[in-house]
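*Asks:* Got a structure for you, written out below as structure tokens; questions coming shortly.
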Ligand SMILES: Cc1cc2nc3c(=O)[nH]c(=O)nc-3n(C[C@H](O)[C@H](O)[C@H](O)COP(=O)(O)OP(=O)(O)OC[C@H]3O[C@@H](n4cnc5c(N)ncnc54)[C@H](O)[C@@H]3O)c2cc1C
Ligand SMILES: Cc1cc2nc3c(=O)[nH]c(=O)nc-3n(C[C@H](O)[C@H](O)[C@H](O)COP(=O)(O)O)c2cc1C
Ligand code: SF4
Ligand code: SF4
Ligand code: SF4
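Chains as they are written, first to last, in the numbering used here: chain A, 5 to 438; chain B, 100 to 539.
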């Protein structure tokens, strides 16, 4: 049986599944039930300064994008950090940690960009017995306007500075949470590393407007006829998050920086993908908000079954295994030739592959009078569009041509050796060098 | 072919071997991967899911469906089997239309439930085909338990006890284990010898010995078992059959539906099995429906099912009734059998129409019949058993009988519907209580 116990920057938890800082971790009641349901750890809903807490809107906070059958694909929120008094949160955190010593409890913190503010609050929070800190530089709304959150997260110098303050103020691990609302994730990641961060976590939510009310002419969620951009999360953001995780993991300077992967994780497979790209553990928010705490059971059973099948004994065995295979486009093998193949037994003859290829790609699918769809090898460029639009999983697959086999499209046999753009004759920089 | 549906009397081979094979093939063939993903995708992962509450074995349905949806049917199977070790058979035989699927929120909202039973089969088949038995025994306790009867209740009880480290001996009267899974369930619900394959798979847990030909009341006694074992679980089902109490019931061609079905289930060659041209089945439950449908599938020309009360009182579910109708079975309700005619062999049978509360109307109907199958209920053969309640062994919620150290469950025990899944739940729960008692 696979061992799911996890150690992330020295913090132990029964499994690598943590709940991200958000409503699911906003109070004792939630966190107790989350641990009872099986979550390995939580990052408590972001704490702010002592004194009167922030206030949230009293109308809708969330907007959403749905797929077929109203499956929630993307969620957008205009919520702020915790709107409950600091003392109340601290008391609750201490109680929960005392009762669940095996589970990870991380305090997420966001206070004004002043040395005193950070250095005063971290030791106070540490008294709860929490296992570490997460610095929230990522919140895209509300807080940024107050000089906190992504306002800090978008300025690498600030990140480095605040991280350094935090490290000076506490001996506990410090995780810096990154906002995706920047041009290049390596800048904030590097800044966090230079400030002494033990790890980064990403992504926080993405600036977004989910929809527009066309009667009132206002963005949704709409408060009294007006709306504002919110933070986007859920399954739809996973590809963006995966890329950012991979960029940090494969960049030589930041490669050793531990990563807590966040963004759209909904199933065991999503989690395994983040970890394969270099995340030491994962955090989940929207999936729990959509389906409840119980989904962690599927994540646990799925990950352990997959690990057993692959022979991985602990999560460390596969973390980062896919990172070396993330490369730049110019290094992809141009001599690797594939062709789409339609399995006629699985095909339900909907014609979507045909419409896609005929109208928008390479006219490489033939349709007979009796609706048999076949790929024309002499036209197929292997773009994969048909595979992606086919409603039947696994019906269209890509067949790899062996070296020496004729590529009917180009009329040339497939070359055995690896060859990429950097050495390709059409590349102007290649001929220039000659 | 020597015979046809028109041949008179009870004769074999009314249909060709191919037609019979087709008729007795899987009622609901297993979902393929694509179908399973599409079906699983429809589940909303409900909170405190109604489907789960409706399942007598409390299978975590939303979780197992999510595990299918996320590509781990084996994990789904473990979720199922940890609650219901005969989850494979239940997936085939449960009247889901009156259990989990009846209350699925998508049945209520759209009239189209998530196909829970078929998804359950998809998952359990995947695991069992690998020959993988996902459970192991706890350290041996040195305690021994006798289980009497190797039907669903006995098997479920034995498996759970074995998991807890007890040594179990199952005493089974017949030469084969499985109970009605092997001898009763309609052939098209359990094809390809699934019942025996499932028993073999279940016994892989270890610590369970099956002694066949061991008959309580004949070769063994309850007192003997109490002396020899630390606990006893009775799961002997309902061995007796109710009689019509009519003259002519002994004519040839008049038989118990359960015997007819058992013979069919054990037949190696369906072309050798005789069936009447005009078959009349008496009863309104699952057994009656199964006997009627299978007579029709064997090639009987006319099959009439006659039930003495109204349709709404039939025990067979709407799905079962529709299945029978779709196979060409004629269903007559509000009619009671009055007389069986024939010279040695049955030729005709008289019914009198009844009003509400079985009040005779004086109106009669005579139906040609060269075979009459009686399916008016099974009963407990109760000599030397603990105290009864009604016609069954009186038990508490956890299966305790009036006799110390003796538990009972399944069809022979009071409470619960007479269903495979209920038998499994009762066997499992009694095992937990026996375990608690033996550990005390
Ligand atoms: C024709 C028919 C069709 C059915 N179809 C369905 C269906 O589709 N779906 C469904 O859910 N349920 C169905 N049922 C009901 C279901 O089969 C039973 O509820 C279930 O099998 C009960 O399990 P059990 O273990 O209590 O008893 P059984 O399955 O009856 O097993 C009892 C076992 O005890 C043995 N035994 C009996 N007496 C003794 C003795 N004295 N000593 C030793 N061993 C003994 C028997 O040989 C048998 O192996 C059907 C029943 C019948 C008759
Ligand atoms: C309603 C809501 C409130 C959130 N509040 C916080 C917060 O207080 N602090 C924080 O660091 N992240 C916050 N987040 C971001 C999440 O922690 C997480 O980074 C993001 O939702 C992406 O993960 P997901 O796709 O699993 O939801 C919030 C997200 C949501 C949906
Ligand atoms: S989810 Fe609960 S708190 Fe939120 S709007 Fe609905 S009922 Fe109100
Ligand atoms: S999209 Fe898929 S299912 Fe539809 S016609 Fe093409 S291959 Fe067949
Ligand atoms: S009631 Fe239906 S939709 Fe809800 S969990 Fe059960 S099967 Fe899924």
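Where is the CB? At the ideal position from N, CA and C, for every residue including glycine.
Let me check one thing: in DSSP terms, what residues is residue 237/A bridge-paired to?
*Replies:* Paired residue(s): 79/A.
*Asks:* Counting along the chain, where does the alpha helix (DSSP H) carrying residue 333/B start and finish?
*Replies:* That residue, residue 333/B, is in no alpha helix (DSSP H); its beta strand (DSSP E) goes 330 to 333.
*Asks:* Tell me whether residue 27/A counts as near ligand 2, meaning its Cβ is closer than 7 Å to at least one heavy atom of that ligand.
*Replies:* At least one heavy atom of ligand 2 is nearer than 7 Å to the Cβ of residue 27/A, so yes.
*Asks:* To the nearest angstrom, report how far apart residue 187/B and residue 132/B are at their CA atoms.
*Replies:* Between residue 187/B and residue 132/B, the C-alpha separation is close to 17 Å.
*Asks:* Using the beta-carbon of each residue, which ones in chain E are nearer than 7 Å to residue 22/A?
*Replies:* Looking for chain E here will not work: the only protein chains present are A and B.
*Asks:* Under 8 Å between C-beta atoms, does residue 110/B make it to chain A?
*Replies:* Judged by the 8 Å Cβ criterion, residue 110/B is not in contact with chain A.
*Asks:* Pull up the distance between the alpha-carbon of residue 460/B and that of residue 387/B, whole angstroms please.
*Replies:* One C-alpha to the other measures close to 24 Å.
*Asks:* For a minimum of 3 consecutive residues, which ranges assigned as the beta strand (DSSP E) are wholly contained in the region 36 to 78 of chain A?
*Replies:* Counting only runs of 3 or more, we get 45 to 51 and 66 to 70.
*Asks:* Determine the chain A residues that contact residue 146/B at a beta-carbon separation under 9 Å, and present them in chain order.
*Replies:* Within 9 Å Cβ-Cβ: 295, 296 and 298.
*Asks:* In chain order, which alpha helix (DSSP H) runs of at least 4 residues are fully inside the region 275 to 316 of chain A?
*Replies:* Runs found: 290 to 295 and 299 to 314.
*Asks:* Mind listing the chain B neighbours of residue 397/A? Cutoff is C-beta to C-beta under 9 Å, in chain order.
*Replies:* Result: 132, 133 and 136.
*Asks:* What is the residue span of the alpha helix (DSSP H) that residue 216/B lies within?
*Replies:* Unbroken alpha helix (DSSP H) run through residue 216/B: 215 to 228.
*Asks:* Since residue 184/A is in the alpha helix (DSSP H), which residue starts that stretch and which ends it?
*Replies:* Looking at the DSSP string, residue 184/A is not in any alpha helix (DSSP H), and its letter there is neither H nor E.
*Asks:* Using 8 Å as the Cβ pair cut-off and three pairs as the minimum, do the region 283 to 291 of chain B and the region 327 to 335 of chain B touch?
*Replies:* Judged by Cβ distances under 8 Å, the region 283 to 291 of chain B makes no contact with the region 327 to 335 of chain B, as fewer than three pairs qualify.
*Asks:* Kindly say whether residue 36/A, judged by its beta-carbon, lies nearer than 8 Å to any beta-carbon of chain B.
*Replies:* Residue 36/A does not count as touching chain B.
*Asks:* Cutting at 7 Å between CB atoms, please list the residues of its own chain near residue 198/A, excluding the five before and the five after it.
*Replies:* Only 164 meet the Cβ criterion.
*Asks:* Rank 242/A, 302/A, 6/A and 83/A by C-alpha distance to the C-alpha of residue 167/B and give the top, closest one.
*Replies:* That would be 302/A, whose Cα lies nearest to the Cα of residue 167/B.
*Asks:* Hey, is residue 295/A close to ligand 5, as in C-beta under 7 Å from one of its heavy atoms?
*Replies:* Checking every heavy atom of ligand 5 against the Cβ of residue 295/A, none is found closer than 7 Å.
*Asks:* Quick one: using the 10 Å Cβ neighbour count with 16 as the cut-off for buried, is residue 146/B buried or exposed?
*Replies:* Classification for residue 146/B: exposed.
*Asks:* Around the C-beta of residue 358/A, are 16 or more other C-beta atoms found within 10 angstroms, so that it is buried, or is it exposed?
*Replies:* Classification for residue 358/A: buried.
*Asks:* Nearest-angstrom Cα distance between residue 438/B and residue 403/B?
*Replies:* C-alpha separation (whole angstroms): 16 Å.
*Asks:* Taking only beta-carbon positions, decide if residue 333/A is within less than 8 Å of chain B.
*Replies:* Cβ-Cβ to chain B under 8 Å: no for residue 333/A.
*Asks:* Express the C-alpha separation of residue 335/A and residue 169/A in angstroms, rounding to a whole number.
*Replies:* Looking at the two C-alpha atoms, the distance is approximately 41 Å.
*Asks:* For the region 100 to 119 of chain A, which residues have a beta carbon sitting closer than 7 Å to at least one beta carbon of chain B?
*Replies:* Residues passing the 7 Å Cβ filter: none.
*Asks:* Give me the Cα-Cα distance between residue 493/B and residue 487/B, rounded to the nearest whole angstrom.
*Replies:* Residue 493/B and residue 487/B: Cα-Cα distance of roughly 5 Å.
*Asks:* Distance check for residue 480/B and residue 33/A, CA to CA, integer angstroms please.
*Replies:* Taking the straight line joining both Cα atoms gives about 55 Å.
*Asks:* Between the region 299 to 310 of chain B and the region 462 to 480 of chain B, do at least 3 Cβ pairs fall closer than 8 Å?
*Replies:* These segments do not touch.
*Asks:* Using beta-carbon positions only, say whether residue 309/A and residue 23/A come within less than 8 Å of one another.
*Replies:* Going by C-beta atoms, residue 309/A is not nearer than 8 Å to residue 23/A.
*Asks:* Under a Cβ-count criterion, where at least 16 other Cβ atoms within 10 Å of its own Cβ denotes burial, should residue 263/B be classed as buried or exposed?
*Replies:* Buried, since its Cβ has 16 or more Cβ neighbours within 10 Å.
*Asks:* Tell me which same chain residues have a C-beta within less than 6 Å of the C-beta of residue 377/B, skipping the five on either side of it?
*Replies:* So the list reads 401, 467, 468 and 469, once near-sequence residues are dropped.
*Asks:* With a Cβ-Cβ cutoff of 8 Å, do residue 522/B and residue 506/B count as a contact?
*Replies:* No, they are not a contact pair.
*Asks:* Verify the contact flag: residue 163/B, CB atom, against every heavy atom of ligand 5, threshold strictly below 7 Å.
*Replies:* No, ligand 5 has no heavy atom inside 7 Å of this Cβ.
*Asks:* With DSSP run on the structure shown, which of helix, strand or coil describes residue 266/B?
*Replies:* Residue state, collapsed to three classes: strand.
*Asks:* Select from 304/A, 40/A and 130/A the residue whose C-alpha is nearest the C-alpha of residue 107/A.
*Replies:* Checked all of 304/A, 40/A and 130/A; the closest Cα to residue 107/A is 40/A.
*Asks:* What is the rounded straight-line gap between the Cα of residue 110/B and the Cα of residue 351/B?
*Replies:* Taking the straight line joining both Cα atoms gives about 13 Å.
*Asks:* What are the boundary residues of the beta strand (DSSP E) that includes residue 203/A?
*Replies:* Element bounds for residue 203/A: 203 to 206.
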